[in-house]
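There are 2 protein chains.
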Amino acid sequence: MDKKQLTIKEIASMAGVSVSTVSRVLNNKAHVNPAKRKKIQAIIDQSGFQPSMIARGMVYQRTNTLGVVVSDITNPYFTALVSNIEAVAEDFGFSLLLFNTMTAGHTHQKDTVQIEITAFRNLQEKKVDGVLILGGEIDQATPDPHYITALEQMAHHLPVVIVAQPVKGVDCEFVPRYQQMSAEMITEHLLASGYKNIAFLGGQPDITITNERLSGYRKMMTTYADYSAKNVLLSDYYVEDGYQGMRHFIDTQQVPEAIVAINDQVALGAIRALNDHQLSCPDDVAIGSCDAFPNGNYFTPRLTTIDHHNEDLANIAVNKLLTATGQEKIPPIPTPALPTLIIRESSGHPLKKKKE
Amino acid sequence: MDKKQLTIKEIASMAGVSVSTVSRVLNNKAHVNPAKRKKIQAIIDQSGFQPSMIARGMVYQRTNTLGVVVSDITNPYFTALVSNIEAVAEDFGFSLLLFNTMTAGHTHQKDTVQIEITAFRNLQEKKVDGVLILGGEIDQATPDPHYITALEQMAHHLPVVIVAQPVKGVDCEFVPRYQQMSAEMITEHLLASGYKNIAFLGGQPDITITNERLSGYRKMMTTYADYSAKNVLLSDYYVEDGYQGMRHFIDTQQVPEAIVAINDQVALGAIRALNDHQLSCPDDVAIGSCDAFPNGNYFTPRLTTIDHHNEDLANIAVNKLLTATGQEKIPPIPTPALPTLIIRESSGHPLKKKKE
DNA sequence: GTTGGTAATGGAAACGGTTCCCGATAATTA
DNA sequence: TAATTATCGGGAACCGTTTCCATTACCAAC
Chain U
1 MDKKQLTIKE
11 IASMAGVSVS
21 TVSRVLNNKA
31 HVNPAKRKKI
41 QAIIDQSGFQ
51 PSMIARGMVY
61 QRTNTLGVVV
71 SDITNPYFTA
81 LVSNIEAVAE
91 DFGFSLLLFN
101 TMTAGHTHQK
111 DTVQIEITAF
121 RNLQEKKVDG
131 VLILGGEIDQ
141 ATPDPHYITA
151 LEQMAHHLPV
161 VIVAQPVKGV
171 DCEFVPRYQQ
181 MSAEMITEHL
191 LASGYKNIAF
201 LGGQPDITIT
211 NERLSGYRKM
221 MTTYADYSAK
231 NVLLSDYYVE
241 DGYQGMRHFI
251 DTQQVPEAIV
261 AINDQVALGA
271 IRALNDHQLS
281 CPDDVAIGSC
291 DAFPNGNYFT
301 PRLTTIDHHN
311 EDLANIAVNK
321 LLTATGQEKI
331 PPIPTPALPT
341 LIIRESSGHP
351 LKKKKE
Chain R
1001 MDKKQLTIKE
1011 IASMAGVSVS
1021 TVSRVLNNKA
1031 HVNPAKRKKI
1041 QAIIDQSGFQ
1051 PSMIARGMVY
1061 QRTNTLGVVV
1071 SDITNPYFTA
1081 LVSNIEAVAE
1091 DFGFSLLLFN
1101 TMTAGHTHQK
1111 DTVQIEITAF
1121 RNLQEKKVDG
1131 VLILGGEIDQ
1141 ATPDPHYITA
1151 LEQMAHHLPV
1161 VIVAQPVKGV
1171 DCEFVPRYQQ
1181 MSAEMITEHL
1191 LASGYKNIAF
1201 LGGQPDITIT
1211 NERLSGYRKM
1221 MTTYADYSAK
1231 NVLLSDYYVE
1241 DGYQGMRHFI
1251 DTQQVPEAIV
1261 AINDQVALGA
1271 IRALNDHQLS
1281 CPDDVAIGSC
1291 DAFPNGNYFT
1301 PRLTTIDHHN
1311 EDLANIAVNK
1321 LLTATGQEKI
1331 PPIPTPALPT
1341 LIIRESSGHP
1351 LKKKKE
């Protein structure tokens, strides 16, 4: 807290050599007398000298830092993603500069667009080597034009990888996920289990994820049962949204046989609402959801859900980003794994229709 | 991705002035002709020039970046903390450099000490203005000596704030939490509800948090009931640990009347284990826990738990850190709020003894 | 004994900004 | 009109590191 950091210059004078020589030993470059090298190395070691990465950054024009802009790190889906990304990045010697754009107090829409845009600006100023975007305005069906211009301006200067469905006209790398497919899978599973009257619950309207999943649901419903807009109840991605949504179904006497929940949190909220009205999942209402949050296997009932294979996503995203930065050979970018269905209790037993 | 970033030099030549003049308008310094200032500003704006913070860092010797070393960002407790910290830091114009030291795949103990130490090194090299430590080796009852020396060496060069119980001999700022008190509160609540045979479940042995909470539990038990070591079952902080722990109680026919769980995840696991054996919480076993994870209010049963007021913690931690960096006046550091008991369903109804 | 090649070393420029210092011009005052 | 003072703008040093280049010394071969 007091003693200032040493500089290469001081090391040089301690060792009685020039700065260039010290630099050569720091970087294992040739052309330095073995004896001298050993001596200098010793001085470095026991003085605890650490070269300034920011000075290095000046000359190399790279910081070995990746920017991560995440909409809500509190969402288990993103938490897992960030955690995996951090692990992969660290493997390649990169650190993460983290920006969380939805303020902690869950102050939705407190001009998150502006927050994201200033995050972009910060990242450029701090000269990160690349940026990863997870959720946020990019997921809007029609993102704010200011956002798009800010994004493109940034993407013009440094590599940007976005974990989201591609947005037309935005020139970045996208890591798509099989949103529609996962909704199809979960809906199909419920249909195959004998449920007909299946509702769709949760998700903010006009968000790409919602739209994709909804259309997967819709596709399956129209082909194998009946699709009705009355069975679709959107709101948001949080547990309270599932709770309120389910309550609405109950209050309006429109309780469906089964529900496709936009994610595990919403499913949890819905289940709790059922319990509060002496209804049971899966006996009264079966539920299937997406996103495979870590605790879902311990809920009562255990959640039937879709695993999106986050680790793969993280791998792909970071690898894409690093190759875009022109990194030395990165292991080949893995192809994304398809979502897999995890059948547990909340959807009832296959082919065992709900009790009448 | 292609066009290189502009430099102040280029702006200067575009505007036909010297670099110093551009710098003056960038920093709102005096001694530049208003007309010229306006013109230069215009060029800056429409060229999208952004001064390099790393070059600035060189001269100012500060980066406006805070390092965060967190043991497991996947743990909801830490997630919430990081999220809050990010919000506070951003308010003061700081970004976060994030290091997650327990690798994503939950590879416990894969030499996390070494990972933490290299994180320290990275942070120093990257010249962050201060470091925040959340969990990890520092929580060990007897931390690895290598870790301690690395920590002290770092703390010698830059401000470090640790969200943990103070460790003797380590010269850093600590933000203590009322771990013992919270365990006392939850135990007291169970005792007041009429339970006598109360077990303690979860938490890694030899971790400060575990020890503190355990001693709170022990204190209340010895004074108001009977303390027996057989009622203490430690393991870890995850949901599976709660599950296995509860199973052990069941398998060995030592099912207690009530349980103090180390956190909400463990509580969830325990509840699920009960359900799997046709036992109910709270009817057969009441459960109280700590940490107030966001979803606890939607579990079945809703979790009785302790709120540690994370937002306050984040505020205190960041404020302490920023004042330590010698920041311009920071709002006074708030005094930590005491933990509060949240009574919900899992502990049964107060004064209503468990059914026989 | 001159030449040539190579290893070891130091000096200096460069990276992109900020800031101090100083000279030049314009404005004010004697 | 001359002297003094503000105001403005340019040059240069500096932050910590790398790298290019020049210098010296050494050794071998002709």
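Line order of the protein sequences matches chains U and R.
For the first sequence, my numbering puts the final residue at 356, and the numbers step up evenly by one.
For the second sequence, my numbering puts the final residue at 1356, and the numbers step up evenly by one.
Each residue gets a CB set at the ideal place from its N, CA and C atoms; glycine is no exception.
In this structure, DSSP gives Phe120/U a helical state, which the three-state scheme calls helix. Going by beta carbons, Leu313/U and Asn84/U fall inside the 9 Å limit. For Thr305/U, the enclosing beta strand (DSSP E) has its first and last residue at Thr305 to Asp307. In the three-state scheme derived from DSSP, where H, G and I count as helix and E and B as strand, Glu1345/R is classed as coil. Each residue's CA atom was taken as its position, placing Ala1258/R and Val1285/R some 5 Å apart.
For Val22/U and Ile8/U, the gap between their C-alpha atoms comes out near 7 Å. Under the Cβ distance rule, Pro1282/R does not count among the residues neighbouring chain U, no pair being separated by less than 9 Å.
Just so you know, the alpha carbons of Thr149/U and Thr325/U end up roughly 22 Å apart.
Following the DSSP letters along the chain, one finds Leu132/U inside the beta strand (DSSP E) bounded by residues Gly130 to Leu134. At a Cβ-Cβ threshold of 9 Å, Gly1269/R and Asp1241/R count as neighbours. For Thr1021/R, the secondary structure class from DSSP, reduced to helix, strand or coil, is helix. The beta carbons of Thr1300/R and Arg272/U sit closer together than 9 Å. When 8 Å is used as the limit between beta carbons, Met1221/R is near no residue of chain U, the shortest such separation being about 27 Å.
For the segment 121-145 of chain U, the set of positions with a beta-carbon nearer than 8 Å to some beta-carbon of chain R reads Arg121, Asn122, Gln124, Glu125, Lys126 and Lys127 in chain order. Within the same chain, and ignoring the five residues on either side of Lys320/U in sequence, the residues whose Cβ sits closer than 8 Å to its Cβ are Val161, Glu173, Val175 and Ile333. By the C-beta criterion, the segment 1034-1042 of chain R is judged not to be in contact with the segment 32-42 of chain U, since fewer than 3 inter-stretch pairs fall below 8 Å. In this structure, the straight-line span from the alpha carbon of Asn27/U to that of Ser20/U is close to 11 Å. Here DSSP, grouped into helix, strand and coil, assigns Thr103/U to coil. At a cut-off of 9 Å between C-beta atoms, Ile271/U counts as an interface residue with respect to chain R. Here the C-alpha atom of Ala1119/R lies approximately 20 Å from the C-alpha atom of Gly130/U. Cβ neighbours of Ile115/U within its own chain (closer than 7 Å, five residues either side excluded): Thr101. For the set Ala80/U, Val113/U, Leu123/U and Tyr77/U, the Cα lying nearest the Cα of Leu98/U is the one of Leu123/U.
The bridge partners DSSP lists for Gly296/U come to none. Here Ile73/U is near Val1082/R, since their CB atoms are less than 9 Å apart. In the DSSP annotation of this structure, the continuous segment of the beta strand (DSSP E) that includes Ala199/U starts and ends at Ile198 to Leu201. At a C-beta separation below 9 Å, Phe99/U has these neighbours in chain R: Glu1086, Glu1090, Ser1095 and Leu1096. Ile1011/R is a Cβ neighbour of Ile1044/R, given a cutoff of 9 Å.
For Leu1098/R, the pairing in a beta bridge is given by DSSP as Leu96/U and Val1068/R.
Note: Thr1340/R is bridge-paired with Asp1307/R in the DSSP secondary-structure output.
In this structure Leu190/U is buried. Its beta-carbon is surrounded by 16 or more other beta-carbon atoms within 10 angstroms. Contact between Phe1200/R and Val1167/R is absent: CB atoms are separated by about 23 Å, not below the 8 Å threshold. Against chain R, the beta carbon of Pro51/U has neighbours under 8 Å at Glu1125, listed in chain order.
A contact is defined here as three or more CB-CB pairs under 8 Å, and the segment 1250-1267 of chain R meets this definition with respect to the segment 1193-1212 of chain R. Using a CB distance cut-off of 9 Å, Phe174/U does not count as an interface residue toward chain R. At a cut-off of 9 Å between beta-carbon atoms, Asn275/U makes contact with chain R. Residues of the segment 1177-1195 of chain R whose Cβ lies closer than 8 Å to any Cβ of chain U: none.
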